[in-house]
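Numbering (my numbering), first residue to last: 8 to 250. Backbone N, C-alpha and C define an ideal beta-carbon position, used for all residues, glycine too. Okay, structure first, notes after.
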Ligand SMILES: Nc1ncnc2c1ncn2[C@@H]1O[C@H](COP(=O)(O)OP(=O)(O)OP(=O)(O)O)[C@@H](O)[C@H]1O
Ligand SMILES: [Mg+2]
């Protein structure tokens, strides 16, 4: 479904990504891990069109998408969440999600249709479906759910979930993992998930891709990655017991 080949991204003289290649099959749940600053968000930015890659190719369902604008990429079926949620604060929660539902569709559809889809998505992520409150009333976990709802409302085939920036307790991260799992299992949406809580991530994903200093250093089954000396040295620090 997604083929990332030899992608690089430089900022001035700094190489944030170099020669990154990996593939994702339709229906897979892939974990993307690596230390702070290893390039995970930059990679999501390149795939989703927030940044144009400096080199390499990104093919989605057979079509080159590197360098397309974010809206064009969204319309092809890729949605992403942002590490730092920034909803429209003056709109209600429901309006934020309905707006995303409109954005994901090429043709203008009736507002009632967008709102109805928004309500379904709010239920799915575990927010009140009436959604009349403003986002300012939500805590960190609620804002993450809203962020996910906005991405899902666009109707993606591939979801890039960038969830790392703390604020959630372990139980909330477990719930987020369950929700993502359901999104994959019940909606058939392919997922790449960035998360620093390894024990949780490793339990739900099918496969893990590991970045360090902008390069892919390993890729494989969670169990193999949890015991890989390169991955332990660059990131994990110690073996992870997966139970
Ligand atoms: N727009 C930018 N301009 C300059 N440097 C950038 C830019 N975006 C990212 N970088 C740098 O690229 C590197 C990779 O950053 P990135 O945000 O992709 O890391 P990350 O793996 O997502 O880290 P974290 O786990 O902390 O979220 C970092 O050194 C960062 O400072
Ligand atoms: Mg990041």
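Review point. What residue range is occupied by the uninterrupted beta strand (DSSP E) comprising residue 87?
Key: Per DSSP, residue 87 belongs to the beta strand (DSSP E) from 85-87.
Review point. When the distance is taken between beta carbons, is residue 52 closer than 9 angstroms to residue 28?
Key: No.
Point to revise | Integer Cβ distance of residue 63 from residue 74, believed to fall under 8 angstroms | key: Contact doesn't hold; Cβ gap of about 11 angstroms is too wide.
Check your understanding: Is any heavy atom in ligand 2 found nearer than 8 angstroms to the beta carbon of residue 151?
Key -> In this structure, the C-beta of residue 151 stays at least 8 angstroms away from each heavy atom of ligand 2.
Review point. Where does residue 144 sit, in a helix, a strand or coil, going by DSSP?
Key: Reduced to three states, the DSSP call for residue 144 is helix.
Point to revise | Straight-line Cα distance separating residue 186 from residue 208 | key: Near 12 angstroms, if we compare the C-alpha coordinates of residue 186 and residue 208.
Point to revise | Three-pair Cβ contact test at 8 angstroms for the stretch 89-108 versus the stretch 138-148 | key: In short, these stretches touch, since the Cβ pair count reaches three.
Point to revise | Sequence ranges, alpha helix (DSSP H) only - wholly within the stretch 183-217, length at least 4 | key: When DSSP assignments are scanned along the stretch 183-217, the uninterrupted stretches of alpha helix (DSSP H) that are 4 or more residues long and fall wholly within it turn out to be 205-211.
**Study point:** Range covered by the alpha helix (DSSP H) that runs through residue 51
**Key:** Counting along the chain, the alpha helix (DSSP H) containing residue 51 begins and ends at 47-55.
Check your understanding: Comparing the CB of residue 23 with every heavy atom of ligand 1, is any distance shorter than 8 angstroms?
Key -> Residue 23: yes, Cβ under 8 angstroms from ligand 1.
**Study point:** Cβ-based neighbour list, residue 204, same chain, cut-off 8 angstroms, excluding 5 preceding and 5 following
**Key:** In its chain, beyond the 5 residues on either side, 177, 180 have a beta carbon closer than 8 angstroms to the beta carbon of residue 204.
Point to revise | Rounded distance between the beta-carbons of residue 24 and residue 15, thought under 8 angstroms | key: Contact between residue 15 and residue 24 is confirmed by a C-beta separation of about 5 angstroms, below the 8 angstroms threshold.
Practice item. Please confirm whether residue 34 and residue 191 have their CB atoms less than 9 angstroms apart. Key: Yes.
Point to revise | Per DSSP, cross-strand counterpart(s) of residue 27 | key: According to DSSP, residue 27 shares a beta bridge with 14.
Check your understanding: Buried or exposed: which applies to residue 173, given that a residue is buried once 16 or more other Cβ atoms fall within 10 Å of its Cβ?
Key -> Exposed, since its Cβ has fewer than 16 Cβ neighbours within 10 Å.
Review point. With a CB to CB cut of under 8 angstroms and the five nearest residues on each side skipped, what residues in its chain are close to residue 249?
Key: A distance below 8 angstroms between beta-carbons, with the five flanking residues on each side excluded, links residue 249 to the following residues of its chain, in chain order: 206, 209, 210, 229, 230, 233.
**Study point:** Local conformation of residue 65 per DSSP, three classes
**Key:** DSSP places residue 65 in strand when its eight states are reduced to three.
Check your understanding: What did DSSP end up calling residue 223 once you bin it into helix, strand or coil?
Key -> Residue 223: strand per DSSP, three-state reduction.
Review point. In terms of residues, what are the limits of the beta strand (DSSP E) holding residue 137?
Key: Where residue 137 is concerned, there is no enclosing beta strand (DSSP E), given that its DSSP letter is neither H nor E.
Point to revise | Identity of the residue in 114, 117, 115, 100 nearest residue 251 by Cα | key: Residue 251 is absent from the structure shown; the chain starts at 8 and stops at 250.
Practice item. Determine the closest residue to residue 221 out of 46, 38, 19, with distance taken between C-alpha atoms. Key: Out of 46, 38, 19, 46 has the C-alpha closest to the C-alpha of residue 221.
Check your understanding: Taking the C-alpha atoms as reference points, what is the distance between residue 150 and residue 131?
Key -> C-alpha separation (whole angstroms): 14 angstroms.
**Study point:** residue 125 beta carbon less than 9 angstroms from that of residue 160
**Key:** Their beta carbons are under 9 angstroms apart, which means residue 160 touches residue 125 by this criterion.
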